[in-house]
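What follows is one structure encoded as structure tokens, with my remarks underneath.
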């Protein structure tokens, strides 16, 4: 029986699952064999993760499951702080890597109270809704500011975050970084906040002003204005009442308002009663005025109807208005009207009555006017040559008869009568007056010619009298009979004088014409006269011939033929000469025409610059050299040339003006740049100089002046730059010399620096040293490297001395604290190391220093290494040699058995000892 129980116990121990093994390390290794996808094994993993007694086993099981919900549960209920912290890290990692479903993530956000976790999620979350929810949970102003600039959030969410910002200065600063609708929304929030801040003071001022206005109502004398203002102020108060909540003393203002209203009501009562009485009187006056206006409309309508009837000559209809007049007179007398209105209506009615009384006389005048129009229609207009003056005078008498009838009818004259009359008057005036005016003009001109004839006759200038009398005779025949009768005596006298002169002329002209014919015959036979002189002689002879008048009737035709034949013979040699001149003029005309065509092309092409200048000069020169043309043609071509030349000069002037403006702009720019001493201004001035070269001529009056101004501005800057460079170079040389002295002093100080403090001082001085050129910079760099190397050597020696002192103290059986370097006195013999033994720490130091450990301890060294790496993983902190050495020293003095450990550690720090 006992043997059976022993066997049972052995089999239970042998066949028990590894995850139930007593050794935690075995259970931890067994977890790797469990499949989290199998429900039964997953349940085992759950059991190990939350109920196993070993922290390492629980951690391994959680890692094997690696589910967000389980890490979350562990972070809330795990008893081991290290594992709890690790679970939180896993949670954060999964959340940050977006390995969690949105549903779980939202649930976690709603339940998590760790603001640090929520903040990390808020900074990395990409889902806009979750991120917005995180921000609302955190409720931090700085996160709101950052999120407003995050474009992954919607416009509505960012606007809501803006509304949650409390500080207006922050909101104003943030709005400068925003754009579009969000910028407008931020500005509107700022405006609303400002308005909200200013609202109490604004409402207070409005209330105080309104109460003052209500108080002033009682002082007004105009009752209408008083009542309107009072009602308007009360309505304004009703609009202000909802806004009074922002005032701390709103109740006081309401009480003041009620008091003012009470006082005003008591003060206005008598005035309002008086006002009501005045209103009744005003209403009565208005009723009387309204009745007056109504009756006035009726009287005016009767006046207009009577005027229409009279205007249309409907006198029978006009007589029928008597009854209506009588009714209006009775109504006006009985009506309660204003005195002035009743007087006005009576006057109008009396005028209507007088018109009705005059109806018989008007009817007679109307008939007479009709007869006059009928008579005028039968008159015919006088024609040219008739006695226009007599006919027009008869029409004037007819006009006088018409005017007498018009004075009787006046405005009652029918429109058709007046229109017919105006047409007749216009017709006669337009027809007769021009002919009368022409006759008067002809008569005056004829009298003037007759006077001139008499003057010339008395002066003995008989030759011109023949032509003058011919004009007088023509004008005399155009006059009417009356006008001819008035000038008949003078005309007959002139006619007799002309006849006498004609007889005398024939007596004188005959021998002179015979002499002129003989002269022309001699000229035709002459051979020593130039064509120009010959042509002039022929021309003068013809002019003289025309002045001689008529010869004897029997000889006139013969002499004319002889003279014309002699002139033709005399002029014959000139024809070839003038034909040649005509050909030359034709060629000149062709050249001028071609030149004008070229000028037109130049104008159309809108040439510019020096090309335009040379064209203007060349065109002027070519025109002068193109030759002579006929006078008439020259008069036609010369204006065209001047116009085209003027167009080209206008283009030239416009371009010169444009060049002047561009150059003036360059001058202004150069003057502005000349005030700026930097090198950029110099570069821009050089660009301006290149631009100046590209510009054309600016005109005689401006070009040289602008160039002098531009050159002065450029010279000013370059002279200033030269002076500045010289001063800068002098300053640089002085600084170089000064810094060279400083560097020399530093060299001397470096040579004498032996301790760390003095070396550090030299390094600080070198850090403040500013090299002027690259040579000094290189020297300072070399000097700094020397100091740093010397400082490193000193620190290394000091460290070795510290280790020598440390291990010398550890060689003692009972060392004192004063035997140790100060840095190790606080940790020596503290006895706080519980995790690793001194031997394990020795292995740890060797592993970290990459020094070989004894061969028999290699396995243990690996275990120590794994332990250290696990600790590093759990704590998240790096492991250093000083930390391990401090833990090694906590075990105190080195025992005799630990001397080998001391030797191994000493070999790490003092390998050559």
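Numbering (my numbering), first residue to last: 8 to 920.
All C-beta atoms, glycine included, are put in the ideal place defined by N, C-alpha and C.
Note to self: Taking the alpha carbon of residue 702 as the reference point, which residue from 822, 664 and 821 has its own alpha carbon closest?
What the structure shows: Taking the chain shown and counting its residues from 1, the one referred to as residue 702 is at position 695. Checking every option, the nearest Cα to that of residue 702 belongs to 664.
Subject >> Sub-8 Å separation of residue 574 and residue 541 beta-carbons >> reply: In the chain shown, counting from the first residue as 1, residue 574 sits at position 567. In the chain shown, counting from the first residue as 1, residue 541 sits at position 534. Cβ atoms of residue 574 and residue 541: not closer than 8 Å.
Which residues in the same chain as residue 901 place their Cβ atom closer than 7 Å to its Cβ, once the five residues preceding and following it in sequence are excluded? For the purposes of this step, residue 901 is taken as residue 894 along the chain shown, with counting starting at 1. Within the same chain, residue 901 has close Cβ partners 817 and 909.
Simplified DSSP assignment, three categories, for residue 51
Looking up residue 51 in the chain shown gives position 44. The answer is helix: DSSP assigns residue 51 an H, G or I state.
Original post:
Which residues in the same chain have their Cβ closer than 7 Å to the Cβ of residue 8, if we skip the five residues on either side of it in sequence?
Top reply: Here the question's residue 8 lines up with position 1 in the chain shown. For residue 8, the predicted structure reports a pLDDT of 39, less than 50, and the residue's modelled location is therefore unreliable. The matter cannot be settled from this model.
- Under the rule that 16 or more other beta-carbon atoms within 10 Å means buried, what is residue 159, buried or exposed? Working through the chain shown from its first residue, we reach residue 159 at position 152. Result: exposed.
- Extent of the continuous alpha helix (DSSP H) to which residue 253 belongs: Residue 253 sits at position 246 when you count from the first residue of the chain shown. Per DSSP, residue 253 belongs to no alpha helix (DSSP H) and is neither H nor E.
Taking buried to mean at least 16 other C-beta atoms within 10 Å of its own C-beta, is residue 830 buried or exposed? One-based indexing of the chain shown puts residue 830 at position 823. Per the 10 Å Cβ criterion, exposed.
Let me know if residue 873 comes out buried or exposed under the rule of 16 or more other beta-carbons within 10 Å of its beta-carbon. Here the question's residue 873 lines up with position 866 in the chain shown. So residue 873 counts as exposed.
Distance, Cα to Cα, residue 577 vs residue 567?
Locating residue 577 in the chain shown gives position 570, counting from the first residue. Locating residue 567 in the chain shown gives position 560, counting from the first residue. Approximately 15 Å between the Cα atoms of the pair.
Residue environment, residue 385, which counts as buried when at least 16 other CB atoms sit within 10 Å: In the chain shown, the residue the question calls residue 385 occupies position 378. Residue 385 should be labelled exposed.
Continuous alpha helix (DSSP H) stretch holding residue 26: start and end:
Residue mapping note: residue 26 aligns to position 19 of the chain shown, counting from 1. For residue 26, no alpha helix (DSSP H) run applies, since DSSP gives it neither H nor E.
Handout entry: When 191, 643 and 168 are compared against residue 151, the one with the closest alpha-carbon
Key = What you label residue 151 is simply residue 144 of the chain shown in a count that begins at 1. Closest by alpha carbon: 168.
task = For the alpha helix (DSSP H) containing residue 681, list its first residue and its last residue.
result = Position 674 of the chain shown, counting from 1, holds the residue named residue 681. Segment 638 to 681, the alpha helix (DSSP H) holding residue 681.
Buried/exposed call for residue 666, threshold 16 Cβ in 10 Å = Position 659 of the chain shown, counted from the first residue, corresponds to residue 666. Residue 666 is buried by the Cβ-count criterion.
Quiz item: Using CA coordinates, which residue listed in 854, 885, 876 and 848 is at the minimum distance from residue 905?
Solution: Here residue 905 refers to the residue found at position 898 when the chain shown is read from its first residue. Ranking 854, 885, 876 and 848 by Cα distance to residue 905 puts 848 first.
query: Would you say residue 55 and residue 68 are within 8 Å of each other, going by their C-beta atoms?
result: Translated into the one-based positions of the chain shown, residue 55 becomes position 48. Translated into the one-based positions of the chain shown, residue 68 becomes position 61. Against a cut-off of 8 Å, the Cβ pair of residue 68 and residue 55 comes out as a contact.
Relative to the C-alpha of residue 357, which candidate in 342, 813 and 336 has its C-alpha closest?
The residue you call residue 357 lines up with position 350 of the chain shown. Closest option to residue 357, Cα to Cα, is 336.
Residue from 657, 592 and 631 whose Cα sits closest to the Cα of residue 615
Counting from one through the chain shown, the residue named residue 615 turns up at place 608. Among 657, 592 and 631, the Cα nearest to that of residue 615 belongs to 657.
### Task
For my contact list, residue 221 and residue 267 are in at a C-beta cut-off of 8 Å; report their separation, rounded to the angstrom.
Numbered from its first residue, the chain shown carries residue 221 at position 214. Numbered from its first residue, the chain shown carries residue 267 at position 260. Between residue 267 and residue 221 the Cβ distance is about 5 Å, and since that is below 8 Å, they are a contact.
Cβ pair residue 839, residue 890 closer than 8 Å = One-based indexing of the chain shown puts residue 839 at position 832. One-based indexing of the chain shown puts residue 890 at position 883. It is not a contact, given that the beta carbons lie outside the stated cut-off.
### Message
Please classify residue 850 as buried or exposed, where buried requires at least 16 other C-beta atoms within 10 Å of its C-beta.
### Response
Taking the first residue of the chain shown as 1, we reach residue 850 at position 843. With 16 or more Cβ atoms within 10 Å of its Cβ, residue 850 is classed as buried.
Worksheet item: Are there three or more Cβ pairs, one per stretch, closer than 8 Å when the segment 620 to 637 is compared with the segment 591 to 602?
Response: yes
Discussion item. With three or more C-beta pairs closer than 8 Å as the rule, is the segment 717 to 729 touching the segment 673 to 682?
Written reply: yes
contact_flag[the segment 597 to 608, the segment 617 to 632] where n(CB pairs < 8 Å) is 3 or more:
yes
Problem - Cβ neighbour criterion (16 or more within 10 Å) applied to residue 659 - result: Taking the chain shown and counting its residues from 1, the one referred to as residue 659 is at position 652. Counting Cβ neighbours within 10 Å, residue 659 comes out buried, since at least 16 surround it.
contact_flag[the segment 189 to 196, the segment 232 to 239] where n(CB pairs < 8 Å) is 3 or more
no
- Query: Quick one: what's got a C-beta closer than 8 Å to residue 856's C-beta in the same chain, skipping five residues either side?
  - Reply: Taking the chain shown and counting its residues from 1, one reaches residue 856 at position 849. So the qualifying residues of the chain are 888 and 915.
With H, G and I counted as helix, E and B as strand and the rest as coil, what does DSSP make of residue 886? Taking the first residue of the chain shown as 1, we reach residue 886 at position 879. Three-state result, residue 886: coil.
- Could you give the distance in angstroms between the alpha-carbon of residue 287 and the alpha-carbon of residue 346? To locate residue 287, count along the chain shown from 1; it is residue 280. To locate residue 346, count along the chain shown from 1; it is residue 339. Cα-Cα distance, rounded: 19 Å.
Residues in its own chain within less than 8 Å of residue 854 by CB, not counting five upstream and five downstream?
Mapped onto the chain shown, residue 854 falls at position 847. Once the five neighbours on either side are set aside, the close Cβ partners of residue 854 are 860, 868, 871, 872 and 875.
Practice problem: Could you give the DSSP three-state label for residue 448: helix, strand or coil? | Solution: As a first step, residue 448 must be located in the chain shown, where it is residue number 441. In the structure shown, residue 448 falls within a helical segment according to DSSP collapsed to helix, strand and coil.
Open item on the list: Cutting at 8 Å between CB atoms, please list the residues of its own chain near residue 247, excluding the five before and the five after it.
Closed with: Position 240 of the chain shown, counting from 1, holds the residue named residue 247. Contacts found: 210, 213, 214 and 217.
Burial state of residue 690, where buried means 16 or more other Cβ atoms lie within 10 Å: By one-based count along the chain shown, residue 690 stands at place 683. Classification of residue 690: exposed, given that the 10 Å Cβ count is below 16.
* Asked: Using the C-alpha atoms, what's the distance from residue 148 back to residue 765?
  -> Taking the chain shown and counting its residues from 1, one reaches residue 765 at position 758. Taking the chain shown and counting its residues from 1, one reaches residue 148 at position 141. Going from the Cα of residue 765 to the Cα of residue 148 covers about 50 Å.
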